[in-house]
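K.L.:
So the protein sequences, as listed, match chains L and D.
Just so we're aligned: 177 in our numbering is position 39 of the first sequence, and the numbers increase by one with no gaps anywhere.
Just so we're aligned: 411 in our numbering is position 213 of the second sequence, and the numbers increase by one with no gaps anywhere.
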Amino acid sequence: MHKLKAFLSDDKNQNRLIPFLSIILGFLVGAIIMVISGYNPLAAYSKLLQGAGLYGNLRRFGETLVLMTPLTLTGLAVAFGMRTGLFNIGASGQMLMGGFAAIAVGLLVDLPKVIHLPLAVLVAVAAGALWGMLPGILKSKFNIHEVVSTIMMNWIAVWTVYYFVPTYMMGKYNTESAAIPDTASLRFEWLTNLFNGSSINFGLLLALASALLIWWVLEKTTFGYELKAVGFNRDAAKYAGIKVNRNVVLSMMISGALAGLAGATFYIGYTDNIKIGELPSLGFDGIAVALLGLNTPLGVVLSALLFGIMNAGKGFMQAATGVPNELVQIIIAVIIFFAAATQLIKRWLRYFARNEKKEKANGGEA
Amino acid sequence: MRKRVIALLMVVMVVGLMIAGCSQAAEATKTKVGMVTDSGTIDDKSFNQGTWEGIKKYESDNGTIEATYQQPDNEAETDYLNAISDLVDNGYNIIVTPGYKFETAIYKAQDQYTDTKFILIDGAPNDGDYSTDAGPTYKTGDNTVAIFFNEHEAGFLVGVAAALSTETGKLGFIGGMEIPAVQKFGWGYLAGVKYANDTFGSNAEVVDYVYEGSFNNVAGGQQLASGMYDKGIDIIFHAAGGVGVGVFSEAIERATNGENVWVIGVDSDQYEQGKLSQDSDRSVTLTSARKGVDVAAYDYIEAALNGSFPGGQTITLSLADGAVGLPEENPNLSADVLAKVDEAKQAVLDGKVIVPSTQEEIDAFLK
Chain L
139 MHKLKAFLSD DKNQNRLIPF LSIILGFLVG AIIMVISGYN PLAAYSKLLQ
189 GAGLYGNLRR FGETLVLMTP LTLTGLAVAF GMRTGLFNIG ASGQMLMGGF
239 AAIAVGLLVD LPKVIHLPLA VLVAVAAGAL WGMLPGILKS KFNIHEVVST
289 IMMNWIAVWT VYYFVPTYMM GKYNTESAAI PDTASLRFEW LTNLFNGSSI
339 NFGLLLALAS ALLIWWVLEK TTFGYELKAV GFNRDAAKYA GIKVNRNVVL
389 SMMISGALAG LAGATFYIGY TDNIKIGELP SLGFDGIAVA LLGLNTPLGV
439 VLSALLFGIM NAGKGFMQAA TGVPNELVQI IIAVIIFFAA ATQLIKRWLR
489 YFARNEKKEK ANGGEA
Chain D
199 MRKRVIALLM VVMVVGLMIA GCSQAAEATK TKVGMVTDSG TIDDKSFNQG
249 TWEGIKKYES DNGTIEATYQ QPDNEAETDY LNAISDLVDN GYNIIVTPGY
299 KFETAIYKAQ DQYTDTKFIL IDGAPNDGDY STDAGPTYKT GDNTVAIFFN
349 EHEAGFLVGV AAALSTETGK LGFIGGMEIP AVQKFGWGYL AGVKYANDTF
399 GSNAEVVDYV YEGSFNNVAG GQQLASGMYD KGIDIIFHAA GGVGVGVFSE
449 AIERATNGEN VWVIGVDSDQ YEQGKLSQDS DRSVTLTSAR KGVDVAAYDY
499 IEAALNGSFP GGQTITLSLA DGAVGLPEEN PNLSADVLAK VDEAKQAVLD
549 GKVIVPSTQE EIDAFLK
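#1: Does the beta carbon of threonine 202 (chain L) come closer than 8 Å to any beta carbon on chain D?
#2: Apply the 10 Å Cβ neighbour rule to histidine 283 (chain L) and answer buried if 16 or more other Cβ atoms are within range, or exposed otherwise.
#3: Along chain L, in chain order, which residues have C-beta atoms closer than 8 Å to that of alanine 344 (chain D)?
#4: I want to verify the contact list: residues of chain D whose CB lies under 9 Å from the CB of alanine 316 (chain L), in sequence order.
#5: Quick one: is isoleucine 560 (chain D) buried, meaning 16 or more other Cβ sit within 10 Å of its Cβ, or exposed?
#6: Pick out whichever of L:Val466, L:Phe490, L:Tyr408, L:Lys413 has its Cα sitting closest to the Cα of threonine 313 (chain L).
#7: Does the distance from the C-beta atom of isoleucine 450 (chain D) to that of leucine 484 (chain D) stay below 8 Å?
#8: Return the CA-CA distance between glutamine 247 (chain D) and valine 461 (chain L), expressed in angstroms with no decimal places.
#9: By a C-beta neighbour count over all protein chains shown, 10 Å radius and 16 as the cutoff for buried, is glycine 219 (chain D) buried or exposed?
#10: Which of helix, strand or coil does DSSP assign to glutamate 503 (chain L)?
#11: Output the distance between the C-alpha atoms of aspartate 570 (chain D) and methionine 206 (chain L), rounded to the nearest integer angstrom.
#12: Closer than 9 Å, Cβ to any Cβ of chain D: which residues of the region 300-312 of chain L, in chain order?
#13: Any C-beta of chain L sitting closer than 8 Å to the C-beta of glycine 524 (chain D)?
#14: Identify each residue in the region 380-413 of chain D for which the Cβ-Cβ distance to at least one residue of chain L is less than 7 Å, and report them in chain order.
#15: Pick from D:Tyr469, D:Tyr496, D:Arg480, D:Gly510: whose alpha carbon is nearest that of serine 486 (chain D)?
#16: To the nearest angstrom, how far is it from the Cα of threonine 249 (chain D) to the Cα of alanine 494 (chain D)?
#17: Under the three-state reduction of DSSP, which class applies to glutamine 468 (chain D): helix, strand or coil?
#18: In whole angstroms, what separates the C-alpha of valine 179 (chain D) from that of glycine 418 (chain D)?
#19: Taking buried to mean at least 16 other C-beta atoms within 10 Å of its own C-beta, is proline 418 (chain L) buried or exposed?
#20: Run through DSSP, which three-state label would serine 315 (chain L) get?
#21: Looking at C-beta atoms only, is the number of pairs between the region 191-198 of chain L and the region 361-381 of chain L that lie closer than 8 Å three or more?
#22: When the Cα atoms are used, what is the spatial distance from leucine 180 (chain L) to leucine 166 (chain L)?
#23: Do phenylalanine 454 (chain L) and aspartate 284 (chain D) have their beta-carbon atoms positioned less than 8 Å apart in this structure?
#24: Could you tell me which whole alpha helix (DSSP H) segments of length 4 or greater appear in the region 426-489 of chain D?
#25: Mind pulling the chain L residues with CB within less than 7 Å of glutamine 268 (chain D)?
#26: In the DSSP assignment, find the beta strand (DSSP E) that holds lysine 230 (chain D) and state where it starts and stops.
#27: Quick one: is alanine 504 (chain L) buried, meaning 16 or more other Cβ sit within 10 Å of its Cβ, or exposed?
#28: Under 8 Å Cβ to Cβ from aspartate 410 (chain L), same chain only, skipping five residues before and after it: list those, please.
#29: List the residues of chain D whose Cβ lies closer than 8 Å to the Cβ of serine 278 (chain L), in chain order.
#30: Within 8 Å (strictly less), CB to CB, does serine 337 (chain L) reach chain A?
#31: If you draw a straight line from the alpha carbon of leucine 214 (chain L) to that of lysine 277 (chain L), how long is it in whole angstroms?
#32: Compute the Euclidean distance between the alpha carbons of glutamate 301 (chain D) and glycine 549 (chain D), then round it to the nearest angstrom.
#33: Determine which residues share a DSSP beta bridge with aspartate 406 (chain D) and list them.
#34: Pull up the distance between the alpha-carbon of glutamate 264 (chain D) and that of isoleucine 156 (chain L), whole angstroms please.
#35: Below 8 Å between beta carbons: does that hold for tyrosine 235 (chain L) and threonine 212 (chain L)?
As structure tokens, this is what we get:
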């Protein structure tokens, strides 16, 4: 018990515990709501996991991984911004531009798959980076806050797609583009077959590789150190001779590039066309993923997996037990609430640690 | 603290298990019917809601089915296929999907789940491959029925009603996206107006005929309607889903200020939606061009249960089937107008009038 107490009173450990406690609390609140509304929470959670393929259904597990893929990347985009002192709230717009660029390359260029697909992905990354770069420049040159400018860039992205898709890439209806040819798709026959016909695509590997790359940049390179230094304290970084303005722009570009890649995995992996007038909510979900993942690449991957599981399993849960799938949204919201309310949980942990001590003391007297 | 949490958890589990134990025993023999919504929600006052109401009606009338629906987060084929597999894997044997957006998903699902029966409303299963000149490959499996409607016949009747009810002689039409189902409503409407002018001596003209380009741009619908009413158009027929919500708001606002403007609803009876306020007894809904998605869902669930499921067929439901037409009650149409609409209806049923359903036919009809 003493060890536990010591463990709990350490600030670093508390921070690491918070996401796990939030998840437990989220599911607990979900269970209470289900009991009040007359459902069996154990059966529902079991079906949730079954629907996400955790009991061995490969196709379903593939769908979980598919849903996790863009979330990992938008989560990384937001987390990378956070680590370098930027709140990139425009991951949705960057993702949309990335997807739009990938679709454009897919439809307007005719090449063999070995060239076509990498080209589409690279252009998507570049488009996302560009969409992140503009707010970065605005911030470094004119000190315009990135929250304001990235939100505006979201809408510029939406209306850009709204104009260009029906004009140059119209599909059967004027609200969506045509479907991309197989040569530009992130899906591969062998991968689909490996997962029994799920819509899993190559984007997953890109996402995991990106997580590894971001970890390496942030933790193992001077460049990453400089970026983080700017995030911790701009003035100190400047005093230390770090080019703050350049680093702000670069951070936004990298963040945007990750979101752009998310767009590629979504629009040429998960779907095969782009619809107009829709801002993907996945960019905003990325904020939640980053928060729960403590802005670390590994944490982002794990929390994206959790979100993937819940989103993949909720339909199955509803069909099997009648629990409305909106409940999953409630659980996610509660998790995010507790993950954000760090001081509240820390106080609980300290209280818990103190109680352990008291109990021990009482036990000693008896 | 900790003890309390543990105690609470145990209560949760015990109560939950008890409830589950009770509910599972009761419903064992019922056929499970599942529906997947297309864009929009289950309470969209239109397509999804109509279909769901048909299913629920069957459930309450007969009690032999157990129904649920899935509302996917996105509108990609993958989302639809996942929703379908969630239902099928849980023992749902009949799947109802409203909307052309399901065409490609059903094309795949019908082969994947051969023991499941699919009812596709307003669409025909195809592979969605428009890259070749031949167009997509269509195939309706033995376990699937594709249902279409003669929307033009409903459009025709509301066109007659509009021509006979207008005071300014100016009529408007607002379509959603330019897809066949919407176009047919519009063509029928044009034909109905002309028929009324020729037969009953009315003097009406459709002066504005536009497609908004979406089914969800509420503000766009309101703007279009505002422009039309300003021009002196007093009746607008909308076949535009959510865009129509904007048309209704504009009409309600103007009617509240004493203007004499009307809307003709679409798909289901939209009388309630046209009410000036929640408990007002006045509605701006002149009438509605009803499309019986509820009837279709009801009838084909019955067919599937009776063993008379017309698998592999593409079926078109018409005025004669009672699947399209005006609502039962039309408080805003005068008795005289209603009588004449009935005359027109009889003429269609007797085959004296062939309502145009293609661009060429309508061009010829209006000549």
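Even for Gly, the Cβ is constructed at its ideal location relative to N, Cα and C.
As the structure is a computational prediction, the values presented were derived from the model and not from experiment.
P.N.:
Here's the rundown:
#1: The residue labelled residue 202 (chain L) in the question sits at position 64 within the first sequence. So, not an interface residue.
#2: By one-based count along the first sequence, residue 283 (chain L) stands at place 145. So histidine 283 (chain L) counts as exposed.
#3: Counting from one through the second sequence, the residue named residue 344 (chain D) turns up at place 146. Here the premise fails: no neighbours, minimum Cβ distance about 17 Å.
#4: Translated into the one-based positions of the first sequence, residue 316 (chain L) becomes position 178. What alanine 316 (chain L) touches in chain D: Tyr328, Ser329.
#5: Translated into the one-based positions of the second sequence, residue 560 (chain D) becomes position 362. Per the 10 Å Cβ criterion, buried.
#6: The sequence position of residue 313 (chain L) within the first sequence is 175, counting from 1. Checking every option, the nearest Cα to that of threonine 313 (chain L) belongs to L:Lys413.
#7: Counting from 1 along the second sequence, the entry for residue 450 (chain D) is found at position 252. Counting from 1 along the second sequence, the entry for residue 484 (chain D) is found at position 286. In this structure, leucine 484 (chain D) does not lie closer than 8 Å to isoleucine 450 (chain D) by Cβ.
#8: The sequence position of residue 247 (chain D) within the second sequence is 49, counting from 1. The sequence position of residue 461 (chain L) within the first sequence is 323, counting from 1. If you take the alpha carbons of glutamine 247 (chain D) and valine 461 (chain L), they lie about 20 Å apart.
#9: The sequence position of residue 219 (chain D) within the second sequence is 21, counting from 1. In this prediction, glycine 219 (chain D) has a pLDDT of 48, which is less than 50 and means its spatial position is unreliable; what the coordinates show is noted afterwards. Glycine 219 (chain D) is exposed by the Cβ-count criterion.
#10: What you label residue 503 (chain L) is simply residue 365 of the first sequence in a count that begins at 1. Caution is warranted here: a pLDDT of 45 is assigned to glutamate 503 (chain L), below 50, making its placement in the model unreliable, and no coordinate value can be reported.
#11: Lying before the first or after the last residue shown, residue 570 (chain D) is absent from chain D, which here runs from 199 to 565.
#12: Pro304, Gly309, Lys310, Tyr311, Asn312
#13: If you number the second sequence from 1, residue 524 (chain D) lands on position 326. Checking the displayed sequence, the identity of residue 524 (chain D) turns out to be leucine instead of glycine. No - not a single Cβ of chain L is within 8 Å of the one on leucine 524 (chain D).
#14: Gly411, Ser412
#15: Counted from its first residue, the second sequence places residue 486 (chain D) at position 288. Comparing Cα positions, the closest option is D:Tyr469.
#16: For this step, residue 249 (chain D) is matched to residue 51 along the second sequence. For this step, residue 494 (chain D) is matched to residue 296 along the second sequence. Taking the straight line joining both Cα atoms gives about 8 Å.
#17: By one-based count along the second sequence, residue 468 (chain D) stands at place 270. Coil at glutamine 468 (chain D), not helix or strand.
#18: Residue coverage of chain D in this structure runs from 199 to 565, which leaves residue 179 (chain D) outside it and unanswerable.
#19: For the purposes of this step, residue 418 (chain L) is taken as residue 280 along the first sequence, with counting starting at 1. Buried, because 16 or more other Cβ atoms sit within 10 Å of the Cβ of proline 418 (chain L).
#20: As a position in the first sequence, residue 315 (chain L) is number 177, starting the count at 1. Note: serine 315 (chain L) maps to strand in three-state DSSP.
#21: no
#22: What you label residue 180 (chain L) is simply residue 42 of the first sequence in a count that begins at 1. What you label residue 166 (chain L) is simply residue 28 of the first sequence in a count that begins at 1. If you take the alpha carbons of leucine 180 (chain L) and leucine 166 (chain L), they lie about 11 Å apart.
#23: Position 86 of the second sequence, counted from the first residue, corresponds to residue 284 (chain D). Position 316 of the first sequence, counted from the first residue, corresponds to residue 454 (chain L). Cβ distance < 8 Å, so aspartate 284 (chain D) and phenylalanine 454 (chain L) count as in contact.
#24: 441-454
#25: As a first step, residue 268 (chain D) must be located in the second sequence, where it is residue number 70. Gly453, Gln456, Ala457, listed in chain order.
#26: For this step, residue 230 (chain D) is matched to residue 32 along the second sequence. From DSSP, the beta strand (DSSP E) with lysine 230 (chain D) extends over 229-234.
#27: The sequence position of residue 504 (chain L) within the first sequence is 366, counting from 1. Low local confidence applies: a pLDDT of 41 at alanine 504 (chain L) is under 50, so the model's placement there is unreliable, and no value is given.
#28: What you label residue 410 (chain L) is simply residue 272 of the first sequence in a count that begins at 1. So the list reads Ala317, Ile318, Ser323, once near-sequence residues are dropped.
#29: Counting from 1 along the first sequence, the entry for residue 278 (chain L) is found at position 140. None at all; the shortest Cβ gap to chain D is about 36 Å.
#30: This model lacks chain A altogether, as its protein chains are L and D.
#31: One-based indexing of the first sequence puts residue 214 (chain L) at position 76. One-based indexing of the first sequence puts residue 277 (chain L) at position 139. Their Cα atoms are separated by approximately 21 Å.
#32: Here residue 301 (chain D) refers to the residue found at position 103 of the second sequence. Here residue 549 (chain D) refers to the residue found at position 351 of the second sequence. Straight-line Cα distance between these residues: approximately 32 Å.
#33: In the second sequence, counting from the first residue as 1, residue 406 (chain D) sits at position 208. Per DSSP, D:Gly370.
#34: In the second sequence, residue 264 (chain D) corresponds to position 66, counting from 1. In the first sequence, residue 156 (chain L) corresponds to position 18, counting from 1. Going from the Cα of glutamate 264 (chain D) to the Cα of isoleucine 156 (chain L) covers about 42 Å.
#35: For the purposes of this step, residue 235 (chain L) is identified with residue 97 of the first sequence, where counting begins at 1. For the purposes of this step, residue 212 (chain L) is identified with residue 74 of the first sequence, where counting begins at 1. In the sequence on display, residue 235 (chain L) carries methionine and not tyrosine. Result no, Cβ atoms of methionine 235 (chain L) and threonine 212 (chain L) do not sit closer than 8 Å.
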